[in-house]
Amino acid sequence: MRTSSPIYRHEEISAESGMVVAQHQDAARIGATVLERGGNAVDAAVTTAFAVGVLLPIWNGIGGGGVMTVHLDGGGGGTIDFGMQAPRLARADMYELEDELDVSGPSRRYSWPKVKANASTQGYTSIAIPGTVAGLATALEKWGTIDLGQAVGPAVKLAREGFPLSRTVALAMAERHGLLSRFAATTETYLRNGSPFSAGAHFVQHEHAETLERLGRNGAAEMYSGETGARIAEDVEKNGGYLRLSDFAQYRPIISDRPLATTYRGLGVSGVAGPCAGPTAFEILNVLSQFDLAGMGHGSADFFHTVIEAVKLAAVDRFSFMGDPAINGFPIGVLADREYASSRAGEMDPASSSEFGPGNPWPFAGVDRPPGFPSQAGSAPDSGTTHLTTADKGGNMVALTQTNLAFSGVVNPGVGVMMNNAMGWSNPKPGTVNSIGPFARALNNMTPIILHENGRAVMAVGGSGGRRIWPAVVQVIVNHVDFGMSLQQAVEQPRIHVESDDSVVDPRIGDDVLSELKRRGHSYAFPPSEFTLWPFSEPNGIIRDGNLWKSGVTPLTKPTHAVGF
Numbered sequence: 001m002r003t004s005s006p007i008y009r010h011e012e013i014s015a016e017s018g019m020v021v022a023q024h025q026d027a028a029r030i031g032a033t034v035l036e037r038g039g040n041a042v043d044a045a046v047t048t049a050f051a052v053g054v055l056l057p058i059w060n061g062i063g064g065g066g067v068m069t070v071h072l073d074g075g076g077g078g079t080i081d082f083g084m085q086a087p088r089l090a091r092a093d094m095y096e097l098e099d100e101l102d103v104s105g106p107s108r109r110y111s112w113p114k115v116k117a118n119a120s121t122q123g124y125t126s127i128a129i130p131g132t133v134a135g136l137a138t139a140l141e142k143w144g145t146i147d148l149g150q151a152v153g154p155a156v157k158l159a160r161e162g163f164p165l166s167r168t169v170a171l172a173m174a175e176r177h178g179l180l181s182r183f184a185a186t187t188e189t190y191l192r193n194g195s196p197f198s199a200g201a202h203f204v205q206h207e208h209a210e211t212l213e214r215l216g217r218n219g220a221a222e223m224y225s226g227e228t229g230a231r232i233a234e235d236v237e238k239n240g241g242y243l244r245l246s247d248f249a250q251y252r253p254i255i256s257d258r259p260l261a262t263t264y265r266g267l268g269v270s271g272v273a274g275p276c277a278g279p280t281a282f283e284i285l286n287v288l289s290q291f292d293l294a295g296m297g298h299g300s301a302d303f304f305h306t307v308i309e310a311v312k313l314a315a316v317d318r319f320s321f322m323g324d325p326a327i328n329g330f331p332i333g334v335l336a337d338r339e340y341a342s343s344r345a346g347e348m349d350p351a352s353s354s355e356f357g358p359g360n361p362w363p364f365a366g367v368d369r370p371p372g373f374p375s376q377a378g379s380a381p382d383s384g385t386t387h388l389t390t391a392d393k394g395g396n397m398v399a400l401t402q403t404n405l406a407f408s409g410v411v412n413p414g415v416g417v418m419m420n421n422a423m424g425w426s427n428p429k430p431g432t433v434n435s436i437g438p439f440a441r442a443l444n445n446m447t448p449i450i451l452h453e454n455g456r457a458v459m460a461v462g463g464s465g466g467r468r469i470w471p472a473v474v475q476v477i478v479n480h481v482d483f484g485m486s487l488q489q490a491v492e493q494p495r496i497h498v499e500s501d502d503s504v505v506d507p508r509i510g511d512d513v514l515s516e517l518k519r520r521g522h523s524y525a526f527p528p529s530e531f532t533l534w535p536f537s538e539p540n541g542i543i544r545d546g547n548l549w550k551s552g553v554t555p556l557t558k559p560t561h562a563v564g565f
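Sequential numbering from 1 applies to the sequence shown in the numbering used here.
Here it is in structure tokens:
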């Protein structure tokens, strides 16, 4: 007996003068219009990001945070980490824990306790300091050619006039109806007469539009020392949360003119350092560079075995060492060190699956492991996030990922913006490398990466989908670089998702390969058949092919589109 499997396809488009790929068609068109009018890739990325925050408001927006990688033609650019930050009142033991561990999923060995009443992931007590406005405004100041008022203009129009709600967002909002109905200001915007919106319903966000207009007039200070920040802080404090206006005032994005860097098959690779997933993706790529993947053949048992084991190695290091380096003191950049990756690759057995322990990166960083270094942190949930990529006629590229983590359910009166629940990124148990602390920046999964050659950007890629992002982004890079696939082909190939334990595998891999993986000791499961539950992330990006930009789009979950001209 044989059951059919779906085949996923999306059109690849080419453009000479510029391109935007985003997880909503209207947002991609808005960004492409910025390019047509003479804006650069940064202008388009920031304008698109504000628009996506209106169009997909539960997953991202000015109540959340993000990271971005910018490559300017000739070799300039840099990165901005505008991830969310814990309030000053945060402490390691701030949440009451249940006795039960959440041991589901592909990282059972790195699970952490559940929090009573979901206080770290729902409601006012889950809200961290948002960074999106600071990050996007900073990008415009450093590399853009338009001002903040121009960048928020299309988002203001969308929020005020409304738009047809996408099926994906409508389904997600209906699923979380109980959470949305807990808060009066949320109910006014996100529910209709107490019931969820249907797909295609006209969705209007009046207060969101007014907030964006204030930002356009007053700049980022409106959020961090002005009326908007004060409204958010006052409402959070009144309802038992921890965020205060003084937390906004001290927030600063982390800006670097020297991105995290490595090479892969002779191409330069740039990404964001710190407690995102850039260091993890770089470790995986550096491990894989020790092997002749092309010689193994794409889709072979040797190929998938090697990819699975490399991801597992990096995942164990990720959960053992990564958190806010300003608090735990770990030199995160060492995980992107090629010599360290070579030492880890030597632990892999080509004939069988292994259960890896953490490596010893300290000698490669040139420092001793500090006495009392915290214990392993484990893996945080993440069910939100959006990604977009842009490229312009000048050869500049941007990869930008932003998120609310999932969403807290809280919309503050007079602000109209869905707030993040980023406190859920930190381990609620004290004594780990990713435990909660005052102003801590927790481990997150965002992975915007740009590949370049001789100063010219040749590929920008990233994705949405929580912990599934970094294994997916790596596989897309490998498919394109090692096997010469177009980016569209690269994102459509059967993939695996693995962390520290069992894999989830696309059944399109084939019975023969799956049997061989099982013989080598791999345990795996198949994904749900419904495409809305797709478990392999949704990477998207743009590549340079001669004088053309070409798109790569995952046509699943959040409907993604490329627009070029």
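Backbone N, C-alpha and C define an ideal beta-carbon position, used for all residues, glycine too.
How far does the beta strand (DSSP E) with His452 in it extend, from its first residue to its last?
449 to 453
Secondary structure of Ser256, DSSP reduced to three states
strand
Three-pair Cβ contact test at 8 angstroms for the stretch 4 to 23 versus the stretch 103 to 122:
no
Rounded to whole angstroms, what's the CA-CA distance from Gly462 to Gly268? Just pull it up for me.
16 angstroms
Counting only runs of 4+ residues fully inside the stretch 334 to 359, write out the alpha helix (DSSP H) ranges in chain order.
338 to 345
Ordered along the chain, which non-local residues of its own chain (more than five positions away) have a Cβ less than 7 angstroms from that of His71?
Taken in chain order, the residues that qualify are Gly77, Ser270, Asn396, Met397, Ile450, His452, Ala457.
Where does Arg167 sit, in a helix, a strand or coil, going by DSSP?
helix
Does DSSP classify Trp470 as helix, strand or coil?
helix
Pick from Gly53, Gly366, Ile308 that is closest to Leu212, judged by C-alpha positions
Gly53
Counting Cβ pairs closer than 8 angstroms, one from the stretch 468 to 483 and one from the stretch 270 to 288, do we hit at least three?
yes
How far does the beta strand (DSSP E) with Asn328 in it reach, from first residue to last?
For Asn328, no beta strand (DSSP E) run applies; the uninterrupted alpha helix (DSSP H) run containing it begins and ends at 325 to 328, by DSSP.
Using alpha carbons as the reference points, say which of Asn444, Thr447, Ser426 lies closest to Val437.
Per the sequence shown, the amino acid found at residue 437 is Gly instead of Val. It is Ser426.
Taking Cβ to Cβ, would you say Leu215 is nearer than 8 angstroms to Leu140?
no
Taking Val46 as the reference, which of Pro358, Asn286, Val67 has the closest Cα?
Among Pro358, Asn286, Val67, the Cα nearest to that of Val46 is on Val67.
Is Ile7 helix, strand or coil by DSSP?
coil
With DSSP run on the structure shown, which of helix, strand or coil describes Leu567?
Look at the range of the chain in this structure, 1 to 565, and you will see that residue 567 is not part of it.
Please classify Ser375 as buried or exposed, where buried requires at least 16 other C-beta atoms within 10 Å of its C-beta.
exposed
Just the Cα atoms here: how many angstroms apart are Ala310 and Val287?
One alpha carbon belongs to Ala310, the other to Val287, and they sit about 6 angstroms apart.
When we look at the beta-carbon of Pro350 and count the other beta-carbons within 10 Å, is it buried (16 or more) or exposed?
exposed
Report yes if the C-beta distance between Phe526 and Val505 is below 8 angstroms; otherwise report no.
Taking 8 angstroms as the Cβ cut-off, Phe526 and Val505 qualify as a contacting pair.
If you reduce the DSSP assignment to three classes, tell me which class Gly552 lands in.
strand
Which term fits Ile7, buried or exposed, when burial requires 16 or more other beta carbons within 10 angstroms of its beta carbon?
exposed
Could you round the C-beta distance between Ile127 and Val236 to whole angstroms and report it? I think they count as a contact, below 8 angstroms.
6 angstroms
Apart from the five residues just before and just after Thr79, which ones in its own chain have a Cβ nearer than 6 angstroms to its Cβ?
Thr69, Ser256, Pro259, Val272
Helix, strand or coil for His387, going by three-state DSSP, please let me know.
Under the three-state reduction of DSSP, His387 is assigned to strand.
Cα separation between Gln488 and Pro555?
10 angstroms
Between which two residues does the beta strand (DSSP E) harbouring Thr69 extend?
65 to 72
Using CA atoms only, rank isn't needed, just tell me which of Phe483, Val21, Glu11 is closest to Gly541.
Val21
Count the other C-beta atoms from every protein chain shown that fall within 10 angstroms of the C-beta of Gln250, then say buried if there are 16 or more, exposed otherwise.
Here Gln250 is exposed: its Cβ has fewer than 16 other Cβ atoms, across all protein chains shown, within 10 Å.
Around the C-beta of Thr385, are 16 or more other C-beta atoms found within 10 angstroms, so that it is buried, or is it exposed?
buried
Nearer than 7 angstroms: is that true of the beta carbon of Met423 relative to any heavy atom of the ligand FMN?
Because no ligand of any kind appears in the structure shown, any question about the ligand FMN cannot be addressed here.
Segments assigned alpha helix (DSSP H), at least 4 residues, entirely inside the stretch 263 to 337:
278 to 288, 293 to 296, 301 to 321, 325 to 328
Between Gly299 and Pro87, what straight-line distance do the alpha-carbon atoms span, to the nearest angstrom?
46 angstroms
Applying the criterion that 16 or more other CB atoms from any shown protein chain within 10 Å of the CB defines a buried residue, is Ser503 buried or exposed?
buried
Where the alpha helix (DSSP H) containing Pro539 begins and where it ends
Per DSSP, Pro539 belongs to no alpha helix (DSSP H); it is in the beta strand (DSSP E), 538 to 545.
Whole angstroms are fine: how far does the CA of Pro559 sit from the CA of Pro539?
Distance from the CA of Pro539 to the CA of Pro559, rounded to the nearest whole angstrom, comes to 11 angstroms.
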